[in-house]
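Note sheet for the following structure.
Residue numbers (my numbering): 1341 to 1561.
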């Protein structure tokens, strides 16, 4: 199984190294030719301190966002399991109930038989509800989260690759910081997109729970 988090972290580490190299190139461009340049060196030191702080804050924030990645393949497997093992099973059970001998067996008579036959439609409805109102929507929510995670990964990778390319030509701290800010904006957009997918899945799951709580008394009788 591919460790997506580790791969993205390694990519992030390479872009951070590129930032440090751009920082060093900017320092190498500074020439001290007179005593008056000492003031310029002091200003540079202050700028470098601010640069280092910004870089550390960005990568701390980015590392936290990488924790959102999870395992999209596991989400897909779980969704498939709900479709095949729950929804599929409910379909089979409903068919068995509808076509079972007990429904048409004239040899079984009496009050118990009558009550059972009266409850058959309710059983079929309950099984259909488990399939259509719970299992399939739950699988859809899981697949939605999976798609959101995949899009989030793609957004992160594109942002980091673009950052790495921009840093190859950055010769000033301003240029390096500009590339970093663009990358931060792209990552933030990816986070917002993922959040939207998660909120949609959360609404679906809450709806499933509410429906289940409302219908449970009917299922239990």
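Cβ coordinates follow ideal geometry from the N, Cα and C atoms, glycine included.
Checklist entry - Does the region 1449-1460 touch the region 1499-1516, meaning 3 or more C-beta pairs lie closer than 8 Å? => result no
Item to check | Where the alpha helix (DSSP H) containing residue 1367 begins and where it ends | outcome: The residue you call residue 1367 lines up with position 27 of the chain shown. Segment 1344-1368, the alpha helix (DSSP H) holding residue 1367.
Checklist entry - If residue 1495 sits next to residue 1533, beta carbons under 8 Å apart, how far is it from one beta carbon to the other, in whole angstroms? => result Counted from its first residue, the chain shown places residue 1495 at position 155. Counted from its first residue, the chain shown places residue 1533 at position 193. So it is a contact: roughly 7 Å between Cβ atoms.
Checklist entry - When the distance is taken between beta carbons, is residue 1358 closer than 7 Å to residue 1504? => result As a position in the chain shown, residue 1504 is number 164, starting the count at 1. As a position in the chain shown, residue 1358 is number 18, starting the count at 1. Closer than 7 Å, so yes.
Item to check | Neighbourhood of residue 1391 by C-beta distance below 7 Å, restricted to the same chain and skipping five residues each side | outcome: Within the chain shown, the letter at position 51 stands for residue 1391. The beta carbon of residue 1391 lies closer than 7 Å to those of 1363, 1513, 1517 in the same chain, with the five residues before and after it left out.
Checklist entry - Are three or more beta carbon pairs between the region 1384-1399 and the region 1424-1439 nearer than 8 Å? => result Touching, no, given that fewer than three Cβ pairs across the two stretches are closer than 8 Å.
Next on the checklist: Just to confirm my understanding: we take residue 1524, look at its own chain, exclude 5 residues before and 5 after, and list those with CB closer than 7 Å. What are they?
Outcome noted: Taking the chain shown and counting its residues from 1, one reaches residue 1524 at position 184. The answer, listed in chain order, is 1398.
Checklist entry - When the distance is taken between beta carbons, is residue 1470 closer than 7 Å to residue 1430? => result The residue given as residue 1430 occupies position 90 in the chain shown. The residue given as residue 1470 occupies position 130 in the chain shown. It is a contact, given that the beta carbons lie within the stated cut-off.
Checklist entry - Considering only C-alpha positions, which residue in the set 1549, 1551, 1462, 1395 is nearest to residue 1520? => result Your numbering for residue 1520 matches position 180 in the chain shown. Ranking the options by Cα distance to residue 1520, first place goes to 1395.
Item to check | Coarse secondary structure for residue 1509, derived from DSSP in three states | outcome: As a first step, residue 1509 is located in the chain shown; it is residue number 169 there, counting from the start. Here residue 1509 carries a coil assignment [DSSP, helix/strand/coil].
Item to check | residue 1461, buried or exposed, once every other Cβ within 10 Å from all chains shown has been counted against 16 | outcome: By one-based count along the chain shown, residue 1461 stands at place 121. By the 10 Å Cβ count, residue 1461 comes out exposed.
Item to check | Nearest-angstrom beta carbon gap, residue 1506 and residue 1526 [assumed within contact, 8 Å] | outcome: For the purposes of this step, residue 1526 is taken as residue 186 along the chain shown, with counting starting at 1. For the purposes of this step, residue 1506 is taken as residue 166 along the chain shown, with counting starting at 1. Between residue 1506 and residue 1526 the Cβ distance is about 11 Å, and since that is not below 8 Å, they are no contact.
Checklist entry - Got a sec? Which residues, its chain only, sit under 8 Å from residue 1544 by beta carbon, not counting five neighbours each side? => result For the purposes of this step, residue 1544 is taken as the residue at position 204 of the chain shown. These residues qualify, in order along the chain: 1477, 1478, 1480, 1481, 1484.
Item to check | Beta-carbon separation (whole angstroms), residue 1531 vs residue 1356, contact threshold 8 Å | outcome: Position 191 of the chain shown, counted from the first residue, corresponds to residue 1531. Position 16 of the chain shown, counted from the first residue, corresponds to residue 1356. Rounded, the Cβ-Cβ distance is 19 Å, inconsistent with contact.
Next on the checklist: Only counting the same chain, and skipping five residues up and downstream in sequence, which positions put a Cβ closer than 8 Å to that of residue 1433?
Outcome noted: Counted from its first residue, the chain shown places residue 1433 at position 93. 1467, listed in sequence order.
Checklist entry - When you compare each of 1542, 1343, 1416, 1349 to residue 1486 by their alpha carbons, which one comes out closest? => result What you label residue 1486 is simply residue 146 of the chain shown in a count that begins at 1. Closest by C-alpha distance to residue 1486, out of 1542, 1343, 1416, 1349, is 1416.
Checklist entry - Which two residues bound the contiguous alpha helix (DSSP H) that contains residue 1465? => result Here residue 1465 refers to the residue found at position 125 of the chain shown. Where residue 1465 is concerned, the enclosing alpha helix (DSSP H) stretches over 1451-1469.
Checklist entry - By how many angstroms is the C-alpha of residue 1493 removed from the C-alpha of residue 1344? => result In the chain shown, counting from the first residue as 1, residue 1344 sits at position 4. In the chain shown, counting from the first residue as 1, residue 1493 sits at position 153. The alpha-carbon atoms of residue 1344 and residue 1493 are separated by roughly 8 Å.
Checklist entry - Terminal residues of the continuous alpha helix (DSSP H) containing residue 1413? => result As a position in the chain shown, residue 1413 is number 73, starting the count at 1. Counting along the chain, the alpha helix (DSSP H) containing residue 1413 begins and ends at 1412-1421.
Next on the checklist: I want to see whether chain B comes within less than 7 Å of residue 1413, judged by CB atoms only; does it?
Outcome noted: No chain B appears in this structure, which consists of one protein chain only.
Next on the checklist: Please identify the residue among 1529, 1550, 1488, 1547 whose C-alpha is closest to the C-alpha of residue 1538.
Outcome noted: The count along the chain shown starts at 1 and reaches residue 1538 at position 198. Among 1529, 1550, 1488, 1547, the Cα nearest to that of residue 1538 belongs to 1488.
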